[in-house]
Structures are given as structure tokens and as C-alpha cells.
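Since the structure comes first, as C-alpha cells, the remarks are kept for the end.
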Amino acid sequence: MLNRRQILKGAALFSLAPTIPVFMKSAGAAEKSNDRILVVIQLSGGNDGLNTIVPWKNEAYAANRRELRLKEESLIRIDDETALHPSMGRMAELLQDGRLAIVQGVGYPNPNRSHEASMAIWHTAKTDVDEHRSDGWLGQALDTFAPQSRGPTGVSVSDEVIPAALRSHRTMVASIDSLQDFQVKSFPMQRASSSINGSNSSPLAEFMERTTLDAYATASQIDSLMTQSASKGVSELSKLDGPLARRLKIVSDLIRADFGPRVYYTQQSGYDTHAGQLNTHSQLLGSLSNGLKAFLDDIESAGNADRVAVLCFSEFGRQVAENSSAGTDHGTAGPVFLAGKSFQSGLHGRPVDLSQLDQNAPSHTVDFRSIYVEILREWLQVKPDVKLGPFESKLSLFHG
Amino acid sequence: MIWSVWQPSQKQPWDVKRVKHLLRRSGFSPDWKTIQAGLSNGVEKTIDQVLDFGPQDESTQQFESLAKTIGEAAVGADSADRLRAWWIFRMIMTPKPLEERLTLLWHNHFATSNHKVNSVAAMYEQNLHLRTHCLGKFSDLLRSVVKTPAMMIWLDASTNRKEHPNENLGRELLELFTLGEGNYNERDVTEAARSLTGWTVTTQKVHVEPAYHDPGKKTILGTTHSFNGDGLLDFLVKQPATARRIAWRLCQMFFGEQIVDEPAMKALADGLLAHDLDLKWAVETILRSELFFSDANIRSRIASPVEYVIGAIRCLEMNKHPPSTFFLAAQLRHLGQDLFHPPSVFGWPEGRAWIDTRSVLARTQFAEQLVEGQFHQSKTPLDVSILPKQYGLANSRKQTQAFFADLIGNEVDSASVAKAETNANDEDTMLRQMIAKAISSIDNQII
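Protein chains in written order, with our numbering: chain A, -2 to 397; chain B, 1262 to 1708.
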């Protein structure tokens, strides 16, 4: 059997031919995939969970939030204790449609309040710093799938570095921030193959060589797919402003074109609201809420609602008492959103206990790894050899 | 012993490879005459010149004066694009490449983004501080950079009040600027934030407001004292963990992957601590060392977008008729290194993180567009006859090709030269394609 490298090398040689290779022409005619897809939206900076899923009746909320307390009449009530931030109208619609699950109080033991360290914990699903160089929780899962014959199995849609969550041993992970960049007119394979024919043999050179091959394989596939499947209909996403909507549109276009990856990973940054939080936070949640709804509608109109699930998380929540700058400092647990038709819509888990604080932040009630376990087992149907530790799947996030 | 001085030998001669290694790591890819000068001057004198930030000759004064005009105009116009263009102008024209590289290193260490600061004047001022102290004492660098309006706005320090301290500056000061993660606890962060209360910004100046300061006792790393902001900085620069982090940061620039082992890092950190965190001592120790010139360290590091772009321009001597610095700024952004706009408080992650599917394609396109003159206002393609003639290496087509291959590449790749010939219609286009290919080759990106 050929391994991935050999396939790619074959592809590179093959495409020295001046015309588009045969296997790419046939890509559009192939049967539509049924593979399930996970889309991750990382809320970078530490989202203030308390002002996202608001415990509006809780006295501790009112007592700790003077400047930042959201007005009761503006909140979108979920039940007698819990409400959504006023900017999250579209997500409230998703909740009503049965397309949004909210897990409350998600975190992990001995919380780390450094952005970098806490993000590494979420990415690797390991709380021990010494293990933070290991593969990502999704990268390990991707390694268990059969490689895509023509392109990446994971994609980071962002202008930032590929997140450690996608770090793997064997899997091609591409980074894309604009489809135009990959629609390379002059056929580039020849350049790739000649620049790697040199005498490079160091691990660094091999890494560069592999990435170069991945880039040209991804480019040639995107080029042919996007030519064949010009986006049909008008997407609400195109009407929304901001980088998140633009990136979700890329994900939507690629899924519609049956690009192949099992995981798409994108980011919305700006949640590190140490000062003047109210406006910034409201805009961020508005973009998230509008973008998420428009994205799911797009997916549904393309007939993919049953095979796409979305996970939204942040590296930590923020402290309960606000600071003197009308902002909040780094805290611990926060809510996680799961969006799509396959989830049991509604609230999951227990809210955090605001009367028991350590250094101004609550303890988690749900370990994030129990969410990961359900996504891996029940959604991506990864074999149980991806080990995240002894985390039982007991949240019942998915239908049936 | 670990940092002993390198001496050329028969096995490790002072040759083109090592001249390029020194000048690329401490600056940008050198042009032909600089390589030749390095060869004839010898290693000691070449390093002396790299480190010479002393009195300015006339051409340096002219450069500085022009740069100042451009920088102040950018501030006057409050234009972030002109600010980026100013720094690129400095990098492609400077006679002291190490100064710009170290300024960039500290820009990354004290990563501050105009995305939030939203003041060209404040970002410009911070950049001048970074440059002034880039090879001085770390304590001076830390004090001057942390206590600028740019940093105060970036980390929300200006609204830090004793009643409810804002932890942002305190945390990043410990985690990123001095001690490093794992060398403090949450209590230290809170206490550092208390110490910093009272620092504020009024009309673009940092100002200490006693009424906002919490004068009480604070316990930081086990030491109890009524710290204020300045006292906290003085205390932090004396910590071994800070020396350790500065040693690591310098090694990130001068060494490739897994070259500096634990004992070497510790020895460098100890030396820094003993020399009062004197950055010049550390950089000189590194540049003269056996470890720096060891075979393992040569060609073991991925060029950053800045090194890739500026290196191409300088080695081809395009700085005589430079491309538009605005276009180059846009290219750097596209390649993942938007000057004055690092992605977060952590700066750019460096190393392998520069390379992914997106950037591989973008780097190739950059090289092609550069030689075709796409970044020049005039859109005039690179004149490939000038340099070989200037250096008397234009006697045959083969000699000209060899000249460019030697200039850009590390080892001549005759296969790629031959392949380039097949596509082009005329000789100059062919040569430009070869040059573009040499620039974007893996060979030239691992430097």
C-alpha cells in the first residue's frame, strides 16, 4: 500500500503534465461524502462566561458586577435562572429550533490562568505542562482516519498559526485564510517537485518538503473544486461583517464543494477584555451569534445539516468581580456551545457556584474532556485508542 | 568552557558558508561585496563590525536623518501603513542590520499591537525605545518599554486602581517580559498588579498618580515589601528566572532547533546574571562561540518572513532602487509577520510555525513577483546584468548563473538551474526565474 508521502509524490510527478490531471477532473463527479465533520470555533482570549450565559437571578452576580451587570430587561431568558446576553438573539433562535446545546461551568482541575498554558491544556487535553508538546486532541483523532486521497484531513481557517489541537503524526493539516490564495493559476507542482529534489535531508528540510507538497496538493484540489462548484445561492454569511463570518463562509464553501476534511478549525479573537468590556464583548458575541446561525443555515441549505457539528470554546472564563477598568481579569470555568441538529438542544451540566470562589473565580462543574470524549466517540466515531484519560461520556450531548 | 571562542580550523574554515551564517543570523542575507569583505577581514573583525554601534560615519548619519524624517512624517500623518513602511525602510537600508534584528526580537518579546493601541505616535515611540536599548542593559530596556503609553494602553494598565487592581500588565510582566510561565503563582500576579497601581497615561505620557497607588505591603516570590511599579521592575530583573528567559529569547534568534542544551542555556543565563543582564555581553558571547559556528547550528533555522523578504532585497542589492516599502509591508503581513501588529501578547511563535500551506504558496509568489518588479512602482523587472558585471562575473551565461546561485543559495543546485531554462522565452527572463526559484527554495529558507 502506498503511504501518504508516496501518493503525494505521485501526484506531484503526475501533474507535471501541462493539463489538469484526470483524477482531479473526476472529483466533482464522485459520490457525495457522508463523512461527519466537526467545526471548531475557538474564542481566543478568555470569554466572560458570566456575561454570556447570565445567572441573572443570582445575588452574587449583581453584587460583583456593578459596571458590567447586564440589564435584566435586555437579557434573553432561557429559564428562571439563566439568560443569554442581549446580543445573542440568533443563538436564541438556534436554541428554540433545537440546534444549540450549552454546557455550563466547563473547565478542569487546578486551573491555569495563563492564556498560553490554558490554551495548551484545551488543545492537548493534558493538564500536565510536560505533556504540552504532544499531539492535539483532534490531531490524534485525525491520525486514526484514512488519509484523504487528494487533500488535507484537517484545516485551520485563520491567519494565525495552526493550533496545537490539530497537531498530529501522520495527517495533512492545511492552513487557509483565503480561497483565492490557493487558486494558483500557473500550475505549481513542477516548482514544488524541483525545489525538493535537492540534497536536503535534515528533519527541518523534510518538514519544509512535506509542507510544500501539502500546499500544492491542497491548492490543486481547491482550484479544481472551486471552479466546478461556484457557490450557489446567496449566503447570509456574505452579508455579515468581520473576520469570523468571512472565515465561516470559507468553511461553508469548502463543505459545500465536498472538499474532504473531517475537522475545520477557526478562531474569533478579542475576548481578553481587561478594560471597557461591555461594548467589545457585546460586539464579539453578536458576531459569533449571527455568524453561527448563518453558517448553520448555509450548511442546511446545502443538505449537510446531519453531518456537521460545531464546537465553541474559550481557554478560560473570567473572574467574578470586575476590576477597576470596567473589565474582568483571567478566571476559570466557562460555557461551551455545541451547535447543529445532532445535539440535544438546551442547557447541560450545572452552573458554577458563585458562593465558593478561589482567587475570585469559581470551580468547574464539567471537565472539558468529558465533552471531548463524546465528540470523539459519538460524533467522529474514533476508535477508543485515542486516550484522553478516565473521562466518562455521561453528558448525553447527542441525540439517541 | 561551554561558550568558548570559536577558532577557524581546517575542518571548520572561515569560508563563504560561515560568513553567510554569521551575517544572516545577526542581520540579513548579505550582498556579494559584504561576503567578500567578511572573507578577507576574518571572523574577529567581522564580528567587531557587526557589534559596532559606535560613533556614526557620514553615510550612517545620512541614513538616520532620512529615517527620522520618514518616521516623523508617519507619526504626523497618524498612518499605520507609513509606520510599517518606515521600519521596512530602516531594515533594507541600515548599515547596522543587527540593530534592526534585535529591535524586532524585542518587539516580539514585548509584543504590542497597534490593533489595540491605535496610536502611531505611541508605537513609534516604543519602537525607538526598543532600538535604543536593544544591545544595552535589559533593565533599561524593560523600564523604558514597559513604562510607555503604548504598553499601558495595550495591557490596560492606565486604569489600574488600588480598589480593584487590573491584572493584565502584572500578569504579562511576570509571564512574558521577565520570569516566564511556571516561575510564579496566582498570588504573585495579584500582588504585582497591586504594585503597579497608580501608573496611568495622560495626554500620551506615562504619569504616576499617587492617589491610585496601593502603598501597602505586597509579597512577591516570597519577598515582602511595599513595592511600587519601579521597585517591582528592579526586583524582577534580579531574579534568575528572568536571566533564564532572556537567555532563551536570545538563543531563539541565534540558534536553530535543539542546538542549545540545558547546561549551555544555564551557563548563558548565569553569565547574564553576573553581567547585570548586559545584552551586549550575551550577544557577543554567542556570536564568538564554538556553539554558534558549529556545523549543527549552520542551516538549522527557518527564516522568518522579515528575514526572507529583507534578505532577498539586500542580497540582490535592490536597496539601491528599492521596491515600494508599502508593498513590502503588505507582503510581510500576507506572509504572517505584520510589523507593529503581532497576533497576541505572545508575539510571533517563530520556527516551524512560520511554515504552513498558506505561507509556502505566499513565499513562492513573493519571489516571483519580486524579480518581475511587481513591488516597484515602475513595475520594471530586476535587471539581471548589473550585479554580475559589477563584480566581473558576466563573462559567460554559465558564470552569471553561478554567481546568482552562489549569492542566494547555500549549495549550488544545478538541477534547478537547468529546469528553469526550459520555460523561459529569453535569457533574462530565464535568469530571473532561476533567481526566484533560488529565493523560494527550501535551501534558502533554512538559514
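Just so you know, even glycine gets a beta-carbon here, dropped at the ideal spot from N, CA and C.
Helix or strand or just coil, what does DSSP make of THR1618/B? Helix at THR1618/B.
Distance check for LEU1416/B and MET1352/B, CA to CA, integer angstroms please. 28 angstroms
Q.
Residues of the segment 198 to 225 of chain A in Cβ contact with chain B at a cutoff of 7 angstroms, in chain order, please.
A. LEU201, ALA202, PHE204, MET205, GLU206, THR208, THR209, ASP211, ALA212, THR215 and ALA216
Checklist entry - In chain A, which residues lie with their C-beta within 9 angstroms of the C-beta of ILE1708/B? => result In chain order: nothing, as chain A lies at least about 11 angstroms away.
| field | Simplified DSSP state of PRO1566/B, which is helix, strand or coil | value | helix
Q) For the ligand ADP, is there a heavy atom less than 7 angstroms away from the beta-carbon of LEU385/A? A) This structure does not include the ligand ADP; it has no bound ligands of any sort.
When you compare the CB of GLN1273/B with every CB in chain A, is at least one pair closer than 8 angstroms? no
To the nearest angstrom, how far is it from the Cα of PRO1566/B to the Cα of TYR1473/B?
Approximately 43 angstroms, taken between the alpha carbons.
>> Taking 8 angstroms as the threshold (beta carbon to beta carbon), is THR1586/B in contact with chain A?
In response: no
- Name, going along the chain, the residues of the segment 322 to 334 of chain A whose beta-carbon falls closer than 9 angstroms to a beta-carbon of chain B. SER322, ALA323, GLY324, ASP326 and HIS327
Between the Cα of VAL1280/B and the Cα atoms of LYS1272/B, CYS1395/B and SER1290/B, which residue gives the shortest distance?
SER1290/B
Item to complete: Using a Cβ cut-off of 7 angstroms, pull out every chain B residue sitting near GLU113/A, in sequence order please.
Response: GLU1442 and PHE1607
Check your understanding: Can you list the residues of chain A that SER1561/B reaches, using a CB-CB cut of under 7 angstroms?
Key -> LEU201
So, under 8 angstroms CB-CB, THR362/A and PRO108/A are touching, yes? Tell me the CB distance rounded to an integer number of Å. Wrong, their Cβ atoms sit about 13 angstroms apart, outside the cutoff.
| said: For VAL79/A, report the span of its beta strand (DSSP E) as first-last. | reply: The question names Val, but residue 79/A in the sequence shown is Thr. Element bounds for THR79/A: n/a, residue is neither H nor E.
Quiz prompt | Whole-number beta carbon distance between ARG1549/B and TRP1267/B, since they are thought to touch under 8 angstroms | solution = 6 angstroms
Can you list the residues of chain A that HIS1394/B reaches, using a CB-CB cut of under 8 angstroms? In chain order: nothing, as chain A lies at least about 25 angstroms away.
- prompt: Going by Cα to Cα distance, which pick from GLN177/A, PHE179/A and THR150/A is closest to MET169/A?
  reply: It is THR150/A.
**Message:** Once the 5 residues before and after PRO1583/B are set aside, which same chain residues still bring their CB inside 6 angstroms of it?
**Reply:** ILE1353
Taking buried to mean at least 16 other C-beta atoms within 10 Å of its own C-beta, is GLU1433/B buried or exposed? buried
- prompt: How big is the Cα-Cα spacing for GLY1670/B and ILE368/A?
  reply: 50 angstroms
Sheet register partners of TRP1509/B (DSSP bridge)
DSSP lists no partner for TRP1509/B.
*Would you kindly check if the distance between the Cβ of ALA171/A and the Cβ of HIS120/A is under 8 angstroms?*
no
If you follow the alpha helix (DSSP H) that TRP1348/B is part of, which residue opens it and which one closes it? 1341 to 1354
Within chain A, the residues that ARG1613/B reaches when beta carbons sit closer than 7 angstroms:
PHE204
Counting pairs of Cβ atoms below 8 angstroms between the segment 1442 to 1457 of chain B and the segment 1473 to 1488 of chain B, do you hit three or more? yes
* Helix, strand or coil: how does DSSP classify TYR1445/B here? -> Coil.
Nonlocal neighbours in the same chain, by C-beta distance under 6 angstroms from HIS1727/B, ignoring five residues either side
In the structure displayed, chain B extends from 1262 to 1708; residue 1727/B sits before or after that span and is not available.
- Query: Taking GLU1578/B as the reference, which of MET1412/B, THR1618/B, MET1691/B and SER1646/B has the closest Cα?
  - Reply: Checking every option, the nearest Cα to that of GLU1578/B belongs to SER1646/B.
If I'm right that VAL379/A touches THR141/A with Cβ under 8 angstroms, what's the distance once you round it to whole angstroms? 5 angstroms
Suppose you measure from the CA of LEU241/A to the CA of GLN265/A; what does that come to, to the nearest Å? 6 angstroms
Point to revise | For PRO52/A and PHE310/A, the rounded distance between their alpha carbons | key: 19 angstroms
Ignore the nearest five residues each way along the sequence and tell me which others in VAL1462/B's own chain have a CB closer than 6 angstroms to its CB. PRO1410, MET1413 and SER1419
task = Tell me whether the beta-carbon of ALA272/A lies closer than 8 angstroms to the beta-carbon of SER232/A.
result = Taking 8 angstroms as the cut-off, the beta carbon of ALA272/A is found no closer than this to the beta carbon of SER232/A.
Using 8 angstroms as the Cβ pair cut-off and three pairs as the minimum, do the segment 116 to 134 of chain A and the segment 346 to 362 of chain A touch?
The segment 116 to 134 of chain A, when compared against the segment 346 to 362 of chain A, does not touch it at the 8 angstroms Cβ threshold.
Under 8 angstroms from the C-beta of THR1373/B: neighbouring residues of chain A:
Simply none; closest approach about 14 angstroms.
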